[in-house]
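> Residue numbers (this note's numbering): 8 to 158. Think of the CB as a built atom: it goes at the ideal place given N, C-alpha and C, for glycine as much as any other residue. What follows is a structure written as structure tokens; I'll ask about it next.
Structure, rendered in structure tokens:
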């Protein structure tokens, strides 16, 4: 009699990709906050076989967090092509925080904070007076000149 317990909190199906990082990241948990007229904020906990991920390799880097549905229990036949699994949702942003939570002999556990690029505007303080410009012109100038936004 095989009594296997269902796994309710299996997050290994979710994927975190960070630009220029080739190390596989195994998702353990995540927590997100989303509000109207506010940038999202996700804390993503993962393990990596790389014991010392340098902050320079993660902080400020573009990242993508894909949320996938639980796998279906439908049988897959050898002769049938594997179904393409698309994510339910993908969040695009930058890594704005990094913590190393623990380590073992085999792997280390980390937590990163993922926010949209627009949230970087909150990280710095610069003051300037604009004369003879409309609000849309000022916003366009700030986003293009200081933050490299192109739209």
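1) What is the rounded straight-line gap between the Cα of residue 23 and the Cα of residue 56?
2) Give me, in chain order, the residues of the same chain whose beta-carbon lies closer than 6 Å to that of residue 52; leave out the 5 immediate sequence neighbours on both sides.
3) Would residue 49 and residue 121 be called neighbours here (beta carbons separated by less than 8 Å)?
4) What first and last residue would you give for the alpha helix (DSSP H) that runs through residue 64?
5) Around the C-beta of residue 103, are 16 or more other C-beta atoms found within 10 angstroms, so that it is buried, or is it exposed?
6) Would you mind sorting residue 139 into buried or exposed? The rule is 16 or more other CB atoms within 10 Å of its CB.
7) Of the choices 126, 148, 130 and 152, whose alpha-carbon is the least far from that of residue 41?
8) Rounded to a whole number of angstroms, what is the C-alpha to C-alpha distance between residue 61 and residue 124?
9) To the nearest angstrom, how far is the alpha carbon of residue 12 from that of residue 147?
10) Got a sec? Which residues, its chain only, sit under 7 Å from residue 86 by beta carbon, not counting five neighbours each side?
11) Using the three-state DSSP reduction, which class does residue 93 fall into: helix, strand or coil?
12) What residues match up with residue 46 in a beta bridge as DSSP calls it?
13) Which same chain residues, not among the five before or five after residue 46, have their C-beta less than 6 Å away from its C-beta?
14) Taking the beta strand (DSSP E) that residue 117 belongs to, which residues open and close that run?
If we stick to the structure as given:
1) Mapped onto the chain shown, residue 23 falls at position 16. Mapped onto the chain shown, residue 56 falls at position 49. Looking at the two C-alpha atoms, the distance is approximately 15 Å.
2) Working through the chain shown from its first residue, we reach residue 52 at position 45. These residues qualify, in order along the chain: 35, 36 and 118.
3) Counting from 1 along the chain shown, the entry for residue 49 is found at position 42. Counting from 1 along the chain shown, the entry for residue 121 is found at position 114. Yes, the pair counts as a contact, with Cβ atoms nearer than the cut-off.
4) Taking the first residue of the chain shown as position 1, residue 64 is located at position 57. Segment 62-65, the alpha helix (DSSP H) holding residue 64.
5) The count along the chain shown starts at 1 and reaches residue 103 at position 96. So residue 103 counts as buried.
6) Here residue 139 refers to the residue found at position 132 when the chain shown is read from its first residue. The residue in question, residue 139, is exposed, as its Cβ has fewer than 16 Cβ neighbours within 10 Å.
7) Walking along the chain shown from the start, residue 41 turns up at place 34. When only C-alpha atoms are compared, the closest one is 126.
8) On the chain shown, residue 61 is found 54 positions in, with the first residue counted as 1. On the chain shown, residue 124 is found 117 positions in, with the first residue counted as 1. Cα-Cα distance, rounded: 21 Å.
9) As a working note, residue 12 is residue 5 in the chain shown. As a working note, residue 147 is residue 140 in the chain shown. Because residue 12 sits at a pLDDT of 45, beneath the cut-off of 50, its placement in the model cannot be relied upon, and the following sentence gives the value as read from the coordinates. Those two C-alpha atoms are separated by around 55 Å.
10) Here residue 86 is taken as the residue at index 79 of the chain shown, counted from 1. Contacts found: none.
11) Within the chain shown, the letter at position 86 stands for residue 93. In this structure, residue 93 counts as coil in the three-state DSSP scheme.
12) For this step, residue 46 is matched to residue 39 along the chain shown. Answer is none; residue 46 lacks a bridge partner.
13) The residue given as residue 46 occupies position 39 in the chain shown. Closer than 6 Å at the Cβ level, and outside the excluded window around residue 46, lie 122, 123, 125 and 126.
14) Reading the chain shown from its first residue, position 110 is the one you call residue 117. Here the beta strand (DSSP E) through residue 117 covers 115-122.
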